[in-house]
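Line by line, the protein sequences give chains A and B. The numbering of the first sequence is UniProt numbering, which starts it at 1 and goes up by one. The numbering of the second sequence is UniProt numbering, which starts it at 1 and goes up by one. Structure record follows, encoded as structure tokens.
There are 2 protein chains.
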Amino acid sequence: MSQAQKLVQYFLSHRNVTVELINKIEEKHYDYKPTPTSMSAKDLATHILFSFYKFANTAKHGDPALFTEKIEETETNLQKLAQTYTEKTKQLLESLTNEDFERVLDLTNVFGAKIPTAQFLQMAMDHEIHHKGQLFVYVREMGHTDLPLFVKRG
Amino acid sequence: MSQAQKLVQYFLSHRNVTVELINKIEEKHYDYKPTPTSMSAKDLATHILFSFYKFANTAKHGDPALFTEKIEETETNLQKLAQTYTEKTKQLLESLTNEDFERVLDLTNVFGAKIPTAQFLQMAMDHEIHHKGQLFVYVREMGHTDLPLFVKRG
Chain A
1 MSQAQKLVQY
11 FLSHRNVTVE
21 LINKIEEKHY
31 DYKPTPTSMS
41 AKDLATHILF
51 SFYKFANTAK
61 HGDPALFTEK
71 IEETETNLQK
81 LAQTYTEKTK
91 QLLESLTNED
101 FERVLDLTNV
111 FGAKIPTAQF
121 LQMAMDHEIH
131 HKGQLFVYVR
141 EMGHTDLPLF
151 VKRG
Chain B
1 MSQAQKLVQY
11 FLSHRNVTVE
21 LINKIEEKHY
31 DYKPTPTSMS
41 AKDLATHILF
51 SFYKFANTAK
61 HGDPALFTEK
71 IEETETNLQK
81 LAQTYTEKTK
91 QLLESLTNED
101 FERVLDLTNV
111 FGAKIPTAQF
121 LQMAMDHEIH
131 HKGQLFVYVR
141 EMGHTDLPLF
151 VKRG
């Protein structure tokens with residue numbers, strides 16, 4: 001299996017769970033926040049989806065500027081966003097070449113360091129897993145008790 | 001940097017945040033649960049600490065049986081547990097040799113598969129990050145609003 005294929009498998013083993021959780025969020029709960037200073041469910045879900053897309057886009061094109069670019073998106077349905085951005089992200093990850101993985105990205109402006117692409121993509125995974133962990137608590141607080149395991153291996 | 005040193009650095013970049021969160025949990029909140037079906041704060045914190053220790057112990061000794069062994073522990077103070085188990089886990093990770101990393105662990109009984117040690121240790125990281133994400137929500141719900149970033153790079 002190529003490095004890209006392994007990464008796609010690893011990505012989906014967590015992303016499919018993220019999508020399963022997002023699919024449980026009804027529109028009436030989009031503005032749900034556990035506390036007044038928390039991100040809303042809508043903001044948390046969107047943040048997860050947009051972030052990994054930006055990590056992948058930055059890695060594919062070797063362009064750190066893409067990481068901080070704002071995503072203009074008119075779709076507001078979380079289920080549709082989850083489907084679209086998972087597909088776009090998967091396609092980017094699938095297209096990564098060995099050369100892409102070996103590039104070092106100058107992310108001094110964002111993280112104060114130059115980061116090898118492989119490590120940058122692990123940070124993308126960690127970011128997804130972290131916020132998905134939070135989403136589990138949110139979704140349980142919305143009344144769902146039948147929740148998946150935190151990772152689904154192929 | 002050796003593979004073990006890199007792993008210790010990666011482990012601590014997340015574990016130090018876990019410990020910072022655990023240090024915010026006052027005894028009166030040990031039994032706090034966001035919902036009746038959630039793990040209590042005490043159970044969640046203990047699960048994080050014991051789990052990584054068991055991952056590391058299993059990896060170090062190449063013995064899958066260590067993964068499911070129950071930990072007998074009389075200490076109930078979460079701050080003390082965090083300190084002790086972080087130290088024990090760090091020592092195990094530091095001691096990993098290249099040979100240890102190359103071993104394949106037969107975890108058919110637990111995960112239905114044989115898993116290379118390096119991948120098994122990434123699962124340990126993912127597990128920590130997932131539950132730490134949940135802990136962030138818990139601690140915010142206890143009234144703390146000044147929370148660290150989800151990872152602290154050295």
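For each residue, glycine too, the CB sits at the ideal point set by N, CA and C.
Practice problem: For A:Thr117, count neighbouring Cβ atoms within 10 angstroms of its own Cβ and tell me buried if that reaches 16, exposed if not. | Solution: buried
Self-check item: Any non-hydrogen atom of the ligand GDP within 7 Å of B:Ser2 CB
Solution: Only the bare structure without any ligand can be found here, which leaves the ligand GDP out of the picture.
Quiz item: Between the C-alpha atoms of B:Asp100 and B:Asn109, what's the straight-line distance to the nearest angstrom?
Solution: 21 Å
Quiz item: When the Cα atoms are used, what is the spatial distance from B:Lys54 to A:Thr18?
Solution: 26 Å
Quiz item: Roughly how many angstroms lie between the CA atoms of B:Asp31 and A:Ala59, to the nearest whole one?
Solution: 43 Å
Quiz item: Taking C-beta to C-beta, are B:Arg140 and A:Thr46 nearer than 8 Å?
Solution: no
Practice problem: Check the Cβ-Cβ distances between B:His47 and every residue of chain A, and say whether any is below 8 Å. | Solution: no
Quiz item: Given A:Pro148, which residues of its chain have a CB within under 7 Å of its CB, disregarding the five upstream and five downstream residues?
Solution: Val17, Glu20
Practice problem: Determine the DSSP secondary structure at A:Lys70, reduced to helix, strand or coil. | Solution: coil
Quiz item: With 16 other CB atoms within 10 Å as the buried threshold, where does A:Ile25 fall?
Solution: buried
Quiz item: Apart from the five residues just before and just after B:Ser51, which ones in its own chain have a Cβ nearer than 7 Å to its Cβ?
Solution: His127
Quiz item: Would you call A:Lys28 buried or exposed, if buried means 16 or more other Cβ atoms sit within 10 Å of its Cβ?
Solution: exposed
Quiz item: Using a beta-carbon distance below 8 Å, is A:Ile22 in contact with chain B?
Solution: no
Quiz prompt | C-beta neighbour in chain A for B:Ile25, strict 8 Å | solution = no
Quiz item: If contact means a Cβ-Cβ distance below 7 Å, which residues of the region 112 to 131 of chain A contact chain B?
Solution: Asp126, Ile129, His130, His131
Quiz prompt | CA-to-CA distance, B:Gln119 to A:Thr86, given in whole angstroms | solution = 24 Å
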